[in-house]
Structures are given as C-alpha cells and as structure tokens.
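Take 1 as the starting number for the sequence shown in the UniProt record's numbering and just add one per residue. Built from N, CA and C at the ideal position, the CB exists for glycine as well.
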Amino acid sequence: MTNVAPQHSFERLDRRMAHHVAVGALIGPKGVLLAHRRSDLRYYPDCWDFPGGHIEDGETPAMALVRELSEEIGVTALVEGEAGLRILQDAESAEGLVLDLWAIFDWVGSVANHAPEEHDDVRWFDLAAVQSVQLAHPMYRDFIAGLLSPGHR
Numbered sequence: 001m002t003n004v005a006p007q008h009s010f011e012r013l014d015r016r017m018a019h020h021v022a023v024g025a026l027i028g029p030k031g032v033l034l035a036h037r038r039s040d041l042r043y044y045p046d047c048w049d050f051p052g053g054h055i056e057d058g059e060t061p062a063m064a065l066v067r068e069l070s071e072e073i074g075v076t077a078l079v080e081g082e083a084g085l086r087i088l089q090d091a092e093s094a095e096g097l098v099l100d101l102w103a104i105f106d107w108v109g110s111v112a113n114h115a116p117e118e119h120d121d122v123r124w125f126d127l128a129a130v131q132s133v134q135l136a137h138p139m140y141r142d143f144i145a146g147l148l149s150p151g152h153r
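See the structure below:
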C-alpha cells in the first residue's frame with residue numbers, strides 16, 4: 001500500500017524498517033530533470049525517476065539529497081524547507097520505502113550523468129513530454145504538473 005502526504009505530517013521513521021531515500025525534482029527553463037534508470041537495476045528498472053538516493057547514517061534527508069545530487073548529476077543544490085511530498089510504501093517492512101521528494105529551483109553546476117551505473121540518461125522534460133514516459137511512481141505526474149504549472153514557485 002502507498003500512502004502520500006506532506007513530510008511535515010510524519011515523525012521521523014526508524015530507518016532500519018524501510019529504505020529511506022531523498023530525491024529532487026530540478027525545475028529549470030526546459031522543464032523538469034529526470035534520470036532514466038538502467039534496465040538491469042533491481043528497483044524501478046527501465047523508467048524515469050528523480051535523481052537522489054539513500055540516506056546514510058548521520059544525515060538528514062536534506063543533507064543526503066545534496067550529497068546524492070552532487071554524486072549523480074554534478075550539481076550543488078539549494079535544498080530548502082521540508083520535502084514537498086513523502087511517499088510511503090510498506091514503510092513498516094524491511095523491504096518498504098520512505099521517499100522524500102523536494103522541488104529544487106536553485107543549484108550551482110552543469111547537469112551531467114555522473115552515475116552511469118544507475119542511470120543511462122538524464123534529460124529535461126516539459127509537461128507534455130512527461131505524460132508520455134514511464135515514471136518510477138504514479139504520484140510523480142501530479143507532482144510535476146503542479147511544479148510546472150504557470151505561476152508556481
């Protein structure tokens with residue numbers, strides 16, 4: 001079962017119970033940045049996802065996101081406030097997922113694929129193009145639509 005809610009409505013979950021990841025939706029003049037997950041990956045193969053990854057011991061979700069974006073796409077992101085979306089999938093299971101998703105509007109550096117072992121492509125998508133690709137989670141489409149709507153930010 002998947003639950004979706006703003007981050008602020010949940011206490012910090014015991015990370016030993018579920019995989020806790022932080023991901024970022026970079027929003028720029030060309031739309032939203034997505035990374036294509038390689039087809040040989042165990043989780044969410046052959047679909048488009050946001051860059052990011054697992055939270056390591058001693059990190060907050062925001063700290064992990066800054067580190068992961070630097071490692072995966074070569075940018076230093078400004079991660080502000082709470083995650084805009086938290087997705088819970090079987091969060092009380094060792095195989096569960098807690099995903100915190102931020103909208104990122106400000107960063108330093110040029111986007112490039114620095115993690116070819118995870119992604120075989122990174123690409124900017126406008127709202128129309130997002131509708132035609134397979135995304136890692138069904139909630140992503142609505143989140144992206146909200147971010148790319150006129151007047152958002």
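With 16 or more other Cβ atoms inside 10 Å of its own Cβ, Pro-51 counts as buried.
Judged by their CB atoms, Gly-31 and Leu-127 are nearer to each other than the 8 Å cut-off. For the 8 Å CB-CB criterion, Val-108 and Ile-73 do not form a contact. Under the three-state reduction of DSSP, Asp-120 is assigned to strand. Using a Cβ distance threshold of 8 Å, Ile-104 and Ala-77 count as a contacting pair. With at least 16 other beta carbons inside 10 angstroms of its own, Tyr-140 counts as buried. Beta bridge pairing from DSSP links Asp-57 with no other residue.
Secondary structure at Asp-142: helix, using DSSP grouped into helix, strand and coil. Only residues of its own chain outside the window of five on either side were considered, and among them Val-21 and Ile-87 have a CB closer than 6 Å to the CB of Leu-99, listed in chain order.
The beta carbon of Ser-39 is closer than 7 Å to those of Pro-45 and Asp-46 in its chain, skipping five residues each way along the sequence.
The criterion of a C-beta distance shorter than 8 Å is not satisfied by Leu-34 and Val-111. Beta-carbon to beta-carbon, Trp-102 and Leu-65 are separated by about 6 Å, close enough to satisfy the 8 Å threshold. Excluding sequence positions up to five before and after Glu-68, its CB lies within less than 6 Å of the CB of Gly-52 and Gly-53, all in the same chain and listed in chain order. Distance check between Val-75 and each of Gly-146, Asn-113 and Asp-90 places Asn-113 closest, using alpha-carbon atoms only.
The Cβ-Cβ distance between Ala-115 and Glu-71 falls below 8 Å.
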